[in-house]
Amino acid sequence: MNIHQSAVPILIVAAPLVASFILPVLGWWKRAAAFPVALVALTFSFGVAIVAAREVLTNGPLQYFLGGWAPPWGIEFRIDHLGALMLLLLSFITLLVAIYSKRSISRELPEREVPFYSVYLLLVAGLMGMVATADMFNLYVFLEITSLTSYALVSIGGGAAVVSAFRYVILGTVGAAFYLLSVGYLYSVTGSLNMADLSRILPALYQSNAVLVAFAFFVIGMSIKMALFPMHAWLPGAYSNAPSAVSAVIAATTTKVAMYALVRVLFFVFEPRFSVEVIPVTTLLSWMGAVAMVLGSVMAIVQSDLKRMLAYSSVAQIGYSVLGVGLATTMGLTGALLHLINHAVIKCCLFLAAGAIFYKTGLREIRQLRKLSIKMPWTSAAFSVAAFSMIGVPPLGGFFSKLYLMLGAIDEGQWVFVGAILFSSTLALSYFVNVIRYMYFPSPNPDADAAVPVSVGGRPEENTASALSMTDPSRDEAPATMLGPMLILVGVTILLGWFNGDIVSRFLSPAILTSFGR
Amino acid sequence: MTEFVIGHFNIITYIVLMMIGFYAMTGKTNLVKKLVGMNIFQWSIILFVVSLGAKRGATIPILLDDANHDRNPEVVLDAMQYVNPLPHVLMLTAIVVGVATTGVALALLLRIYSQYGTLEEDELLETIRSAGNPSAPSR
Chain R
1 MNIHQSAVPI LIVAAPLVAS FILPVLGWWK RAAAFPVALV ALTFSFGVAI
51 VAAREVLTNG PLQYFLGGWA PPWGIEFRID HLGALMLLLL SFITLLVAIY
101 SKRSISRELP EREVPFYSVY LLLVAGLMGM VATADMFNLY VFLEITSLTS
151 YALVSIGGGA AVVSAFRYVI LGTVGAAFYL LSVGYLYSVT GSLNMADLSR
201 ILPALYQSNA VLVAFAFFVI GMSIKMALFP MHAWLPGAYS NAPSAVSAVI
251 AATTTKVAMY ALVRVLFFVF EPRFSVEVIP VTTLLSWMGA VAMVLGSVMA
301 IVQSDLKRML AYSSVAQIGY SVLGVGLATT MGLTGALLHL INHAVIKCCL
351 FLAAGAIFYK TGLREIRQLR KLSIKMPWTS AAFSVAAFSM IGVPPLGGFF
401 SKLYLMLGAI DEGQWVFVGA ILFSSTLALS YFVNVIRYMY FPSPNPDADA
451 AVPVSVGGRP EENTASALSM TDPSRDEAPA TMLGPMLILV GVTILLGWFN
501 GDIVSRFLSP AILTSFGR
Chain G
519 MTEFVIGHFN IITYIVLMMI GFYAMTGKTN LVKKLVGMNI FQWSIILFVV
569 SLGAKRGATI PILLDDANHD RNPEVVLDAM QYVNPLPHVL MLTAIVVGVA
619 TTGVALALLL RIYSQYGTLE EDELLETIRS AGNPSAPSR
């Protein structure tokens, strides 16, 4: 397929980047201007992402040379089928979370809208850049923009958030440093940083020790960034202590983009046969994915805090995607990428619901959510549908991605992985149904549920106050700007299930074929 | 052995520095020391990549003999005469990123100190746990 020159790839990145610098100036003049500016920039990005997706589907991949310098000397931005889908997903989710954040941020961070939206836009620019760039070092820069803004956004959560953010800084920097080292080694043997150029030069150098070292450091660095199981230590604290809107956006985007970069380098810069035959990293990855899946789910079951449970569930879901990548087959990779998209949408919706519950009731403990379905029926419904999709109930999106993963594992004859997927999904069923049970069907004896040690969560007086408020189950739904994004994401989950065949055949298959077909 | 050490001097240096940084990050309980370790870790890699561009007896990457070049382009385009500037330029960017990371980390440490009055990790975790925060980071 021909590649077309277009300014679209740079526009997607430039819009939030420029807006994030205009915003503090406008905000200094008028604080209320911050939110509309952010909204305009994100809407523009989303619009351009739609244009890019249409262009890619009709005419093939788009590319843009920064400063007019052709690769391999200049930096190249390139959007192929997979990139177009990722950009669409990222711009959509960040736009929805921005709409949601208007109410939650004015509550959780009063008078801090200007810096918040400025950093938020910078995060979006970093995410878009990581997907759009086709240059290894440029990817490092965007990776660090994404990470630095995530550190800042996590740290404003209050309480132990600063400590979690510091831990995230240390581990995230180690991950990025490993990535930088791998770029250094690759450059030392190939003399190129452009991904397409590297994929031409590298096959002749597959036996070189420097390439092997570069590859190993790359995989470890990205595993830290995407919180693959033994390297996930930063994730639960960062997700559970961040402000609600930040948890939703970080859970839905940062680990996914790192995952996307892993897939890009594993299968598009290197050939699949390198990561399967020369260095058996895919086997290792699929085992780590399987372990992450099971242990993440086990850890999620024992959590009493809703957001922390969702965070450990994320560790498990990353395991699913990594397992699919590790299978290194068309079916496995399709499942991995589809699951990545489903997980982004679902986890965003779940964190938004958790944030709405916190906004209205101040509750975070799962046990305190008694009769929430009476108080907040729409939020409870959105949470339940998203949870069912995550478990893998058939008509919803999550079912199909797990189906692809299972079929991929069966094709390979890896029955252990089939068992791990089923077992982990069963565990997911148990921890999500536990929450839904408290929401909809609390035990008839209120003391049985209320008789939990109050010292587990928050300050004691806060708990008794909120427990009292829950005994009065009058209807008190979240505001429309918070409810809207959640319900839209629920709709997207259903559509992802309905149109999963279209997504695979139009976006994923053409992208995967360029790697596995050659 | 001696030849190996001399031949791989840059690689050995960066690995030693990296391990020192790694030790400080994992072995020390003081958060500032962890941050210093993180910095050593980062700089060791930057040092290594800069060393890739170094070349004995080469000159700065500006065309030596302009008059010659006009008459016969092939003569001057001998890459061996020039130092590769790209690793240095890339690392300039990486240094900026490193400075930004250090800045963010120091700002976080200020917040941690004003909030908890300590920068020792064990005391910090003790304080957070006794405050009864369910989402306190575990060790």
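Line by line, the protein sequences give chains R and G. When the count follows my numbering, it moves up by one through the first sequence with no breaks and lands on 518 for the last residue. When the count follows my numbering, it moves up by one through the second sequence with no breaks and lands on 657 for the last residue. Yeah, the Cβ is synthetic: ideal placement off N, Cα and C, and Gly gets one too. Note that the coordinates shown come from a computational prediction; the quantities given were computed from them, not determined experimentally.
Proximity test, Cβ basis, 7 angstroms: residue i and chain G
i      : result
R/L17  : no
R/S466 : Confidence is the limiting factor: at R/S466 the pLDDT is only 47, short of 50, which leaves the residue's position unreliable, though a coordinate-based value still follows. No, R/S466 does not count as interfacial toward chain G.
R/E461 : Residue placement at R/E461 is poorly supported in this model, since its pLDDT is 41, which falls under 50; the coordinates still yield a value, given next. Cβ-Cβ to chain G under 7 angstroms: no for R/E461.
R/Y151 : yes
R/A451 : Because R/A451 sits at a pLDDT of 43, beneath the cut-off of 50, its placement in the model cannot be relied upon, and the following sentence gives the value as read from the coordinates. Closer than 7 angstroms: no.
R/V169 : yes
R/A177 : yes
R/V454 : Any reading at R/V454 is ruled out, since the residue's pLDDT is 42, under 50, leaving its predicted position unreliable.
R/S244 : no
R/L198 : no
R/S208 : no
R/F166 : yes
R/I10  : no
R/S313 : no
R/L180 : yes
R/T173 : yes
R/S223 : no
Boundaries of the alpha helix (DSSP H) in which residue i is found, first to last residue
i      : result
R/L96  : 81-108
G/F540 : 527-545
R/V56  : 34-59
R/S321 : 306-327
R/I301 : 281-301
G/K551 : 549-571
G/Q633 : 604-634
G/E638 : No alpha helix (DSSP H) contains G/E638, which DSSP labels as neither H nor E.
R/P526 : Summary: the structure shown does not reach residue 526 of chain R, with chain R confined to residues 1 through 518, and so no result is reported for it.
R/N194 : From DSSP, R/N194 is part of no alpha helix (DSSP H); its letter is neither H nor E.
The beta strand (DSSP E) enclosing residue i, as first and last residue numbers
i     : result
R/Y64 : 62-65
Inter-residue spacing [alpha-carbon to alpha-carbon] between residue i and residue j
i      : j      : result
R/E144 : R/L235 : 17 angstroms
R/V315 : G/A572 : 42 angstroms
R/K347 : G/H526 : 47 angstroms
G/T620 : R/A125 : 21 angstroms
G/F566 : G/M543 : 20 angstroms
R/P510 : R/L57  : 10 angstroms
R/V263 : R/L338 : 13 angstroms
R/V291 : R/F229 : 7 angstroms
G/N528 : G/H606 : 15 angstroms
R/I512 : R/M288 : 23 angstroms
R/V385 : G/A623 : 39 angstroms
G/K552 : R/A311 : 25 angstroms
R/T173 : G/S569 : 21 angstroms
R/G191 : R/Y260 : 24 angstroms
R/L403 : G/L637 : 48 angstroms
R/L139 : R/V246 : 23 angstroms
R/V456 : R/S304 : Summary for R/V456: the model assigns pLDDT 41, below 50, so the residue's position carries little reliability, and this model does not support an answer.
R/E113 : R/A161 : 18 angstroms
R/F217 : R/A33  : 44 angstroms
G/T520 : G/L535 : 20 angstroms
R/N434 : R/S401 : 23 angstroms
G/M609 : R/V141 : 11 angstroms
Proximity test, residue i beta-carbon vs the ligand NAD heavy atom, cut-off 6 angstroms
i     : result
R/V97 : This structure lacks the ligand NAD; in fact it carries no ligand of any kind.
Interface flag, residue i vs chain R, CB-CB below 7 angstroms
i      : result
G/A576 : no
G/T520 : no
G/R629 : yes
G/V614 : no
G/S653 : Here G/S653 scores only 48 on pLDDT, less than 50, and its place in the model should not be relied on; the value that follows carries that caveat. Yes, contact with chain R.
G/T619 : yes
Supposed contact pair residue j and residue i - C-beta distance, whole angstroms, cut 8 angstroms
i      : j      : result
R/V189 : R/A210 : 5 angstroms
R/V131 : R/M86  : 5 angstroms
R/L127 : R/V257 : 5 angstroms
R/A409 : R/F399 : Not confirmed; about 16 angstroms, so no contact.
R/L122 : R/T149 : 5 angstroms
R/I366 : R/Y438 : 6 angstroms
R/E271 : R/T379 : That belief does not hold up - the Cβ atoms of R/E271 and R/T379 are roughly 47 angstroms apart, past 8 angstroms.
R/A204 : R/L186 : That belief does not hold up - the Cβ atoms of R/A204 and R/L186 are roughly 14 angstroms apart, past 8 angstroms.
R/F77  : R/P9   : 4 angstroms
Closer than 7 angstroms to chain B by CB, residue i
i     : result
R/L66 : Given the protein chain composition of this structure (R and G), no chain B is represented.
Members of the segment 543-572 of chain G that neighbour chain R once the beta carbon cut-off is set at 7 angstroms: Along the segment 543-572 of chain G, going in chain order, the ones with a CB nearer than 7 angstroms to a CB of chain R are M543, L549, K552, M556, F559, Q560, I563, F566, V567, L570.
Chain-ordered residues of the segment 131-144 of chain R with a beta carbon less than 9 angstroms from chain G: Closer than 9 angstroms at the C-beta level to chain G, one finds these residues of the segment 131-144 of chain R: F137, Y140, V141, E144.
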